[in-house]
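What follows is a set of notes on a single structure, which appears directly below.
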Amino acid sequence: MPLFVEVALPVPMRQTFSYSVPESVTSVPAQGMRVKVPFGRQQLIGLVIGTSDTCNLAPNQIKSIIELLDDEPLLPDSLYKLTVWAARYYFCSLGQMLSQALPVALRKGAEVTADTTIFWSLTTSGNAASLDTLKRAPAQKKVIEALLKTEMTQEELTSLALSKPAMKALQDKGWIAKHERTNKIDLSWRDNLELGEEPLTLNPEQAVAVATLNQQSGYHCTLLEGITGSGKTEVYLALLESVLKQGKQALILVPEIGLTPQTISRFKSRFKVKVAVIHSGLTDNQRLTAWRQAKTGEAAIIIGTRSALFTPMAYPGTIILDEEHDSSFKQQEGVGYHARDLAVMRGHLEKIPVLLGTATPSLESLQNALSGRYKHLELGQRAGNAEKVRQGIIDISNQPLKTGMSHALLNEIRIHLDAGNQVLLFLNRRGFSPALLCHECGHLHECDRCDAFFTVHQSLGEIRCHHCGNHYAIPRQCHNCGSTMLMGQGVGTEQLAEALEKEFPKYPVVRIDRDTTSRKGALEGHLNAIHKGEYKILVGTQMLAKGHHFPDVTLVGLLDVDGALFSADFRAPERFGQLYTQVSGRAGRARKPGTVLMQTHQANNAILRELMHKGYGEFARAQLNERKQALLPPAWHMLLIRAEAHLAIDADNFLSQVAQFLPQNEECEVIGPMPAPMDKKAGKYRRHLIFQTKSRNLLQQAFEHALPQIEALPLAKRCRWSLDRDPQDLL
Ligand code: ADP
Ligand code: ZN
Ligand code: ZN
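The sequence shown begins at 1 in the UniProt record's numbering and counts up one residue at a time.
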């Protein structure tokens with residue numbers, strides 16, 4: 001029996017903690033088991049990462065663990081290693097990373113294995129009872145009605161939101177009763193896979209892709225670049241069939257917004273197997289159940305959003321990431337891990353193939369595919385029948401705008417609405433401060449020292465270059481034509497929706513953005529209503545571009561093309577290209593050809609022209625070259641250090657001191673400190689420091705070396721600061 005354990009705790013401190021094992025603990029602690037320990041005045045649950053017979057701490061300093069919660073490691077070795085790797089890569093505490101990897105219920109101490117399940121059913125008297133007697137007790141009536149059809153588990157009843165007091169009342173009457181049953185793990189799918197429906201006959205491109213994928217064994221990563229509607233999902237299904245036939249499980253990751261009932265049902269109806277669905281709308285218990293089903297192998301398919309990446313599989317077969325370019329795969333708060341990058345790492349560790357699918361590859365994946373690190377498969381034809389969309393540019397230089405909309409666009413909207421169709425309007429306001437634009441001549445104010453646009457900082461009253469720090473007071477007149485009609489601030493989605501309601505009172509408007517969809521189920525409700533045709537005008541951010549088919553939308557308008565293209569964020573053109581391509585693929589279907597219109601002051605802009613005429617593929621390859629020349633990701637590697645403080649000078653000084661610990665030479669670059677694009681938020685000043693290196697390893701080594709010194713800085717305690725490796729948003 002070891003005398004001491006080293007424990008990773010879910011606290012931000014980048015260290016582990018030693019505890020002694022008291023005699024009262026009878027089973028043997030080992031790596032990967034949970035322990036409950038005293039920590040300050042609280043009790044925390046952490047994971048054992050090692051055991052030992054000796055300890056460096058003085059006997060009076062060391063505390064004992066309170067309880068050992070498991071008798072075997074929670075995570076398979078591969079996932080444990082993945083987490084350790086991720087904590088190191090993202091420079092976060094191992095305890096925080098490990099707790100990301102576990103369902104909340106387990107973090108709180110729930111049992112891992114459920115040996116029994118509790119079922120509720122009607123008793124004989126419950127069956128005989130007349131529902132009329134429950135007229136005055138509608139809640140009780142609902143319970144009886146639910147149980148008349150079939151017996152249910154506690155979780156199923158909870159998910160129907162049935163009233164607990166009503167159940168108690170019925171139990172007291174002897175109408176319903178609970179009973180326990182031992183769980184049997186059903187693995188029959190591994191020997192005998194049954195299909196729920198016949199697969200489609202693959203077209204030649206799909207057949208080549210599937211054949212290539214089926215030849216792979218062990219770790220491989222493949223980028224499946226297929227235009228919208230080219231039948232990528234059908235390729236996933238064909239791959240799944242052969243993986244499941246080998247008795248192996250598949251993990252499918254989709255963007256936050258992509259996990260709709262339609263998506264799930266495509267996988268559920270093809271195979272007669274248990275599908276575990278994992279997303280943020282589940283209760284802690286439902287999530288744990290899904291996790292268990294995956295871990296035991298009972299669930300053949302696991303489908304979920306970002307955090308489902310850490311779901312253990314008893315028989316790992318493959319990992320598929322759909323819409324791999326989607327930014328929701330990167331966690332923005334807390335530990336900023338990227339599920340795509342970790343999925344590839346997991347594939348390595350579990351020796352299974354990884355498939356990344358998209359119509360619009362991220363430049364990261366594209367680079368890997370072009371360099372040969374990933375296999376590259378392409379689907380260039382539409383599988384279903386749909387017509388090509390009509391594309392157009394509306395030049396709004398010097399045009400009067402009504403809440404951001406030109407006459408030409410308003411007219412077009414009216415025509416489509418009057419024809420009984422739906423209209424979709426995008427305003428890509430992700431919170432970037434915009435460039436300074438002249439409304440008369442379209443001139444964009446550019447840094448005199450860099451090939452970059454100035455960013456407007458309304459609250460500071462200045463324009464600033466985010467590449468060199470160069471800044472001036474906001475000019476009153478256009479540097480090109482002298483006009484005073486300079487615009488920086490644009491319209492938001494809320495204002496736009498209001499204006500449309502006034503302009504088209506007969507046609508109901510729905511707005512889809514983070515604000516209107518934060519409530520559980522809200523997005524789904526909106527989407528259903530859109531499909532039923534209850535709304536005619538759809539206003540949204542890029543959330544609306546993902547994975548949804550709106551057959552009655554015939555007009556898509558992109559309002560703020562300039563703001564999306566010319567922001568401080570170097571990823572802005574890439575994101576815009578993805579958005580544009582995704583929406584063009586969605587506008588109109590077989591029966592109704594679609595139109596996509598872009599409003600811009602830059603009607604001759606090369607990026608726009610390239611996108612329209614050559615498509616995303618060529619556009620993205622050109623962008624990749626630009627990134628290489630500018631030494632930006634994915635060519636170079638980036639770490640963003642954010643700091644915020646009540647006094648701007650604290651944040652500035654802190655980051656200046658950080659900069660001194662970082663090397664600067666031909667292979668390492670330090671940029672800043674500089675104000676964040678949103679430089680002040682909630683009374684705090686926000687500052688950025690960017691550390692860039694030519695190689696991944698160099699970044700790792702240099703920053704690992706600097707980190708202890710940074711943590712020891714007195715100012716580190718006066719600022720809130722965080723590290724974002726491979727940042728997706730320079731906010
Ligand atoms: P993607 O995922 O690439 O956008 P989908 O897999 O959703 O494309 O396919 C688009 C449409 O084409 C779907 O309605 C699908 O059922 C249909 N489809 C896909 N592959 C085939 C095929 N081989 N034969 C006939 N229809 C197909
Ligand atoms: Zn500059
Ligand atoms: Zn001008």
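Glycine is no exception: its CB is placed at the ideal position from the N, C-alpha and C atoms.
Bear in mind that the values here come from a model prediction, so they are computed numbers and not experimental data.
Have a look at 315, 347, 285 and 447 and flag the residue whose alpha-carbon is nearest the alpha-carbon of residue 309. 347
Near residue 725, which residues of its chain fall below 6 Å by C-beta distance, leaving aside the five closest residues on each side in sequence? 90 and 639
Consult DSSP for residue 389 and reduce its assignment to one of helix, strand or coil. coil
Provide the residue span of the alpha helix (DSSP H) that contains residue 701, from first to last. 696-711
Could you say which of 3, 32, 16 and 9 lies nearest to residue 24 if we only look at CA atoms? 3
Starting from residue 32, follow its DSSP beta bridges and name the residues at the other end. Partner(s): none; residue 32 has no beta bridge.
Restricting to Cα atoms, I'd like to know which of 201, 604 and 177 is closest to residue 151. 177
Taking just the CA atoms, how far does residue 403 sit from residue 412? 16 Å
Do residue 600 and residue 540 have their CB atoms nearer than 8 Å? no
Could you tell me the alpha carbon to alpha carbon distance between residue 400 and residue 486, rounded to whole angstroms? 14 Å
At 3 residues or longer, and completely inside the segment 57-125: list those beta strand (DSSP E) runs for me, N to C. 116-122
According to DSSP, residue 478 sits in a beta bridge with which residue or residues? Paired residues: none, contrary to the question.
Heavy atom of ligand 4 less than 7 Å from the Cβ of residue 440, yes or no? Absence of ligand 4 is noted for the structure shown, with ligand 1, ligand 2 and ligand 3 being the only ligands found.
Could you spell out where the beta strand (DSSP E) holding residue 20 opens and where it closes? 17-20
Between the segment 348-362 and the segment 278-287, do at least 3 Cβ pairs fall closer than 8 Å? no
Which residues does DSSP pair with residue 540 in a beta bridge? 426 and 512
Do residue 82 and residue 349 have their C-beta atoms within less than 8 Å of each other? yes
Under a three-way DSSP split, which group does residue 431 fall into? In this predicted model, residue 431 has a pLDDT of only 37, less than 50, meaning its place in the structure is not dependable enough to derive any value.
For residue 378, the first and last residue of its enclosing beta strand (DSSP E): 375-379
Ranges of the alpha helix (DSSP H) found wholly within the segment 290-370, counting only runs of at least 4: 339-350 and 363-370
Quick one, are the C-beta atoms of residue 580 and residue 558 less than 8 Å apart? yes
Do the segment 196-210 and the segment 260-272 meet, that is, are 3 or more Cβ pairs less than 8 Å apart? yes
Would you mind sorting residue 419 into buried or exposed? The rule is 16 or more other CB atoms within 10 Å of its CB. exposed
Own chain partners of residue 209 with C-beta closer than 6 Å, once the 5 adjacent residues on each side are dropped: 235 and 377
How would you call residue 230, buried or exposed, if buried means at least 16 neighbouring beta carbons within 10 angstroms? buried
Using only alpha-carbon positions, find the residue among 709, 613 and 345 that is nearest to residue 218. 345
Would you tell me roughly how many angstroms separate the C-alpha atoms of residue 430 and residue 102, rounded to the nearest one? Here the model assigns residue 430 a pLDDT of 44, short of 50, so the residue's position is not dependable and the matter cannot be decided.
Does the structure place the segment 619-639 close enough to the segment 707-727 that three or more beta carbon pairs sit under 8 Å? yes
Residue-level contact to chain E via CB, residue 593, 8 Å cutoff: Among the protein chains of the structure shown there is no chain E, as only one such chain exists.
Compare the beta carbon distance of residue 449 and residue 480 with 8 Å and say whether it is the shorter of the two. no
Tell me whether residue 465 counts as near ligand 3, meaning its Cβ is closer than 7 Å to at least one heavy atom of that ligand. no
Would you kindly report the start and end of the unbroken alpha helix (DSSP H) that includes residue 208? 204-215
May I have the straight-line CA-CA distance separating residue 432 from residue 731, to the nearest angstrom? Low confidence applies to residue 432: its pLDDT is 40, below 50, so where it sits in the model is not reliable, and the reading given next is rough at best. Roughly 7 Å between the two C-alpha positions.
Can you tell me whether residue 204 is buried or exposed? The criterion is at least 16 other CB atoms within 10 Å of its CB, across all chains shown. exposed
Option nearest residue 325 by Cα separation, candidates 620, 669 and 301: 620
heavy atom of ligand 3 below 7 Å from residue 443 C-beta: yes
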